[in-house]
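Residue numbers (our numbering): 26 to 309. Virtual Cβ for every residue (Gly too), placed ideally from N, Cα, C. Report on the following structure.
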Ligand SMILES: Nc1ncnc2c1ncn2[C@@H]1O[C@H](COP(=O)(O)OP(=O)(O)OP(=O)(O)O)[C@@H](O)[C@H]1O
Ligand SMILES: [Mg+2]
């Protein structure tokens, strides 16, 4: 297919360049979850991926971070083919490209306190000397807007929004360049959603991280992402600046998605704007 590539920056400028990526799960019949997707992500860019349940969003994300092998296509990072990386380069890639999983609570080890979870990441990846870890833990919690008492609790003892923040802190511990947030707010109520989205916006705008935000919710993407890709049945059917795509959709499927939620985008954007002025660091 003629795969649309989001505008802006050549392949060489892109931090991440995905070309004709395919993901097929074996079975009878096999499931073609991702069917030839291409996009580029520049430093500091924010790309939303929207589409209905089952269209392949998480499969695409898991493949980009190396959890799921692609069945075709190429993935380039800083201009080099990820498949050809040696062990060291692959480890660096795994550290620099992080994902916040769709099920934040489930992605945290229930038998580890928040402190143990964050310490483990810092130790395993030898991010910094052991003596510097306590200070870094405080910094990380501060960054995601959690009080330090959270360090001593287990995931079941905190809210979904707080678990989501812990997931972000675990990613940030690794000093990533790219964060892929998979449905970071779909399980949260609207006021908590706005705060998590402010955190994502802060990471992208203030820390200069590149962000891929996956959502089935166009409103969420409208508030965060400069560019958007509309995914349908394993393919990107339309890509471009979010404002253009959502206000003047060209593809019938994009129009279909928008018709399903006529004004929610603007409503949430307005709410989000109010929450933003209250600061990103509010505890949820
Ligand atoms: N591990 C797997 N084995 C087999 N099929 C899978 C696997 N993971 C996903 N699928 C299938 O691949 C397709 C895409 O799934 P995926 O989870 O990527 O969709 P999604 O867009 O993230 O959906 P949602 O919005 O519900 O999270 C679906 O048909 C799904 O059933
Ligand atoms: Mg998913």
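Excluding its 5 nearest sequence neighbours in each direction, residue 233 has C-beta neighbours in its own chain below 6 Å: 69, listed in chain order.
In this structure, the CA atom of residue 116 is about 12 Å from the CA atom of residue 151. Two segments are said to touch when three or more pairs of C-beta atoms, one from each, lie closer than 8 Å; by this definition the stretch 234–241 does not touch the stretch 42–60.
Within the chosen limit of 8 Å, ligand 2 does not reach the beta carbon of residue 121 with any heavy atom. Environment of ligand 2, chain-ordered: 82, 83, 127, 207, 208, 239, taking every residue with Cβ within less than 7 Å of a heavy atom. For ligand 1, no non-hydrogen atom lies closer than 8 Å to the CB of residue 260. One Cα belongs to residue 131, the other to residue 175, and the distance between them is close to 17 Å.
Take the alpha-carbon of residue 71 and the one of residue 200: they are about 17 Å apart.
Burial check for residue 177: the Cβ neighbour count within 10 Å stays below 16, so the residue is exposed. Judged by the Cβ position, residue 198 fails to qualify as a neighbour of ligand 1 at the 8 Å threshold, every heavy atom of the ligand being at least this far.
In the pairwise beta carbon analysis, the stretch 179–187 is classified as not touching the stretch 102–113: fewer than three pairs are separated by under 8 Å. When secondary structure is reduced to three states using DSSP, residue 179 falls in the coil class, being assigned neither helix nor strand. A distance below 8 Å between beta-carbons, with the five flanking residues on each side excluded, links residue 145 to the following residues of its chain, in chain order: 137. Beta-bridge partners of residue 99 (DSSP): 44. Remark: the shortest separation between the CB of residue 278 and any heavy atom of ligand 1 does not fall under 8 Å. In the DSSP annotation of this structure, the continuous segment of the alpha helix (DSSP H) that includes residue 84 starts and ends at 82–89.
Residue 223 is classed as buried because its beta carbon has at least 16 other beta carbons within 10 Å across all chains shown.
Taking C-beta separations shorter than 8 Å and ignoring five residues to either side along the sequence, the partners of residue 286 in its chain run 242, 243, 244, following chain order. Counting only the Cα atoms, residue 40 lies some 18 Å from residue 266.
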